[in-house]
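Residue numbering for the sequence shown follows the working numbering, beginning at 14 and increasing consecutively. Think of the CB as a built atom: it goes at the ideal place given N, C-alpha and C, for glycine as much as any other residue. Nothing here was measured: the structure is a model prediction, and the numbers come from that model. Everything below concerns the one structure shown next.
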Amino acid sequence: MEANNGAIPQELIDRINELSKKKKESGLTAEETKEQEKLRKKYLKMFRENFRSQVEMLQVYDKDGNEVTPDKVKDIQRERGLRDD
């Protein structure tokens, strides 16, 4: 269940949803509860990594066209070789 191109695998989402539905309908076994927690943690980790990557790629401009990207983001972009200024 690895992500492609930063995307969260659909199989992961489907399994989380399946366990959630079962929990509401009939409850989960102890093993299924552990699996659900593990999958949720994995999902959140992947979501945060993807979100962080997107934010770090942003460049922000004001209405006059001047770049106003926060210095912290610029520094991260420089470290990754995404900026040469």
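Does the separation of the CB atoms of residue i and residue j fall below 8 angstroms?
i	j	result
G94	N63	no
T82	V68	no
Y56	L32	no
L41	K34	no
R96	K87	yes
Since I believe residue j is in contact with residue i (beta carbons under 8 angstroms), could you give me their beta-carbon distance rounded to a whole number of angstroms?
i	j	result
R53	I29	6 angstroms
Excluding five sequence neighbours on each side, which residues of the same chain lie with their C-beta closer than 8 angstroms to the C-beta of residue i?
i	result
Q49	I29, L32, S33, K36 and L41
Leaving out five residues on either side along the sequence, give the residues of the same chain with a beta carbon under 7 angstroms from the beta carbon of residue i.
i	result
D98	none
Q. Any contact of the segment 51 to 67 with the segment 19 to 33, i.e. 3+ C-beta pairs under 8 angstroms?
A. The segment 51 to 67 is in contact with the segment 19 to 33.
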